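Participant:
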């Protein structure tokens, strides 16, 4: 009787998960976009890097990356890299982190509570990487397909007790230590208080296009395109992320102090958002776009020889699994088991001098601590 009851209970639980949580998705006929194959000339060297590019695929676990790999005929810049590790993401107060707590850990080297942006568990500001390295002559920037006040980009310039404090986060930009930002959006900016808009325009040359001629002359540059240009690919975004990544690299590289370097954080934000919505096809397209941004960073690392690129995630979203596909046809099928974050460790890939330092298992705060150790000299 007890065995029969347990079987019925198990069946009921399975049915409930199938009916309410598990959501299948598919994408077909994905055009092959190729990948970048590095030279490996500086990869794993013991020379100290002058520049560090941290790339965060929001919500991107191994299954999200694998989905893009299979959809792109088993080819991905991610998977051309040789130095790999894992990152644990638990916040100071929760088993499963949110983007703000994890972003803050990556930005400061210190864990904090969920929803915190650049503050510790006592809500005190924590110096972020751009603030810490400025005194060493290193210039910094931020790129994201999220709004600039999004939890991850905000963690690298703002200090607020709650990620929902949008106006306060925007108001932190003028006094921040970054000299470049590109994110959403023109419309978000224009909804901010007049005094905040004025202060940002005083501190930065603000443009609405990556192609604006003013970009070349600016000492400090803010790119805030129309919302559609940083929105979902399925809603019309084109190549903003890889283009902004390359522009940010070139901008920082030409404005760094002689003999010094730069720090850049690049976020592929909408992988996470698509997984929250269990929109598998959209998540795959976002992952492939992020891979093109990764290619731009790795290309520069090969050109420069003094640049370390680190690619990871703030957390995994939706418990995604990949269960079927035909890579030669660009077809992949996946299964989301939730609409929220999970506590799964996320992959880390590194390329360039000291890439070997990021192998093995580490906390997100330890990634930042290692970055600071390399740049604070």
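Residue numbers (my numbering): 72 to 448. We treat Cβ as the ideally placed atom computed from N, Cα and C, and that holds for glycine. What you are looking at is a predicted structure, and each value in this text was computed from that prediction instead of being measured.
Would you be able to state if there are at least three C-beta pairs under 8 Å between the segment 127 to 141 and the segment 375 to 394?
Facilitator: yes
Participant: How would you write the range of the alpha helix (DSSP H) that residue 204 sits in, first residue to last?
Facilitator: 200 to 205
Participant: Our contact map puts residue 175 next to residue 226 with C-beta atoms below 8 Å; I'd like the distance itself, whole angstroms only.
Facilitator: Correct: roughly 5 Å between the Cβ atoms.
Participant: Within the chosen definition, does the segment 151 to 168 reach the segment 209 to 226 through at least 3 CB pairs nearer than 8 Å?
Facilitator: Too few Cβ pairs lie closer than 8 Å, so no.
Participant: Pull up the distance between the alpha-carbon of residue 354 and that of residue 324, whole angstroms please.
Facilitator: 31 Å
Participant: CA-CA distance, residue 74 and residue 408?
Facilitator: Low per-residue confidence applies at residue 74: pLDDT is 46, beneath 50, and the placement is therefore not dependable enough to give any value.
Participant: Which full runs of the beta strand (DSSP E) of 3+ residues lie inside the segment 113 to 138, going along the chain?
Facilitator: 122 to 128, all fully within the segment 113 to 138.
Participant: By DSSP, does residue 347 sit in helix, in strand, or in coil?
Facilitator: helix
Participant: Where do the ends of the beta strand (DSSP E) carrying residue 34 lie?
Facilitator: Residue 34 is absent from the structure shown; the chain starts at 72 and stops at 448.
Participant: Rank 236, 115, 293 by C-alpha distance to the C-alpha of residue 376 and give the top, closest one.
Facilitator: 115
Participant: Pull the bridge partners of residue 421 from the DSSP assignment, please.
Facilitator: 154, 381
Participant: Within the segment 252 to 298, note down every full beta strand (DSSP E) run reaching 3 residues or more, in order along the chain.
Facilitator: 276 to 278, 292 to 294
Participant: Excluding sequence positions up to five away, which residues of its chain have a Cβ less than 8 Å from the Cβ of residue 429?
Facilitator: 154, 156, 381, 419, 421, 438, 441
Participant: Which value, in whole angstroms, describes the spacing of the CA atoms of residue 162 and residue 424?
Facilitator: 29 Å
Participant: Near residue 436, which residues of its chain fall below 7 Å by C-beta distance, leaving aside the five closest residues on each side in sequence?
Facilitator: 176, 180, 181, 182
Participant: Would the segment 135 to 152 count as touching the segment 349 to 364 if we require 3 or more Cβ pairs under 8 Å?
Facilitator: yes
Participant: Let me confirm a value: residue 316 is counted as buried when at least 16 other C-beta atoms fall within 10 Å, else exposed. Which label applies?
Facilitator: buried
Participant: Alpha carbons only, please: which of 286, 259, 246, 158 is nearest the one belonging to residue 273?
Facilitator: 246
Participant: Could you spell out the range, first to last residue, of the alpha helix (DSSP H) harbouring residue 436?
Facilitator: 435 to 446
Participant: Under 8 Å, do residue 362 and residue 149 count as touching if we go by C-beta distance?
Facilitator: yes
Participant: Between the Cα of residue 256 and the Cα atoms of 275, 232, 297, which residue gives the shortest distance?
Facilitator: 297
Participant: Helix, strand or coil, according to DSSP, for residue 238 in the structure here?
Facilitator: helix
Participant: With DSSP collapsed to three states, give me the class of residue 102.
Facilitator: Three-state result, residue 102: coil.
Participant: Can you tell me the Cα-Cα spacing of residue 346 and residue 234, whole angstroms?
Facilitator: 20 Å
Participant: In terms of alpha-carbon separation, which member of 265, 305, 286, 241 lies closest to residue 326?
Facilitator: Minimum Cα distance to residue 326 is reached at 286.
Participant: Tell me the DSSP secondary structure of residue 414 in three-state form.
Facilitator: Note: residue 414 maps to coil in three-state DSSP.
Participant: Apply the 10 Å Cβ neighbour rule to residue 432 and answer buried if 16 or more other Cβ atoms are within range, or exposed otherwise.
Facilitator: exposed
Participant: Relative to the C-alpha of residue 393, which residue among 108, 400, 404 is closest?
Facilitator: Comparing Cα positions, the closest option is 404.
Participant: If you draw a straight line from the alpha carbon of residue 72 to that of residue 93, how long is it in whole angstroms?
Facilitator: Confidence at residue 72 is low in this model, with a pLDDT of 43, below 50, so the placement of that residue is unreliable and no value is reported for it.
Participant: Under a Cβ-count criterion, where at least 16 other Cβ atoms within 10 Å of its own Cβ denotes burial, should residue 193 be classed as buried or exposed?
Facilitator: exposed
Participant: Going by C-alpha to C-alpha distance, which of 299, 295, 314 sits closest to residue 307?
Facilitator: Among 299, 295, 314, the Cα nearest to that of residue 307 belongs to 299.
Participant: Please report the distance separating the alpha-carbon of residue 279 from that of residue 271.
Facilitator: Going from the Cα of residue 279 to the Cα of residue 271 covers about 14 Å.
Participant: Taking C-alpha atoms, which residue in 402, 284, 411, 415 lies nearest to residue 383?
Facilitator: Selected option, being the one with the closest Cα: 415.
Participant: Report all residues from its chain with a CB closer than 6 Å to the CB of residue 249; omit the five preceding and five following residues, and keep chain order.
Facilitator: Only residues of its own chain outside the window of five on either side were considered, and among them 201, 211, 212, 213, 228 have a CB closer than 6 Å to the CB of residue 249, listed in chain order.
Participant: In terms of alpha-carbon separation, which member of 329, 396, 340, 331 lies closest to residue 313?
Facilitator: 340
Participant: Residue 373 and residue 109 - do their beta-carbons sit closer together than 8 Å?
Facilitator: Between residue 109 and residue 373, the gap from beta carbon to beta carbon is short of 8 Å.
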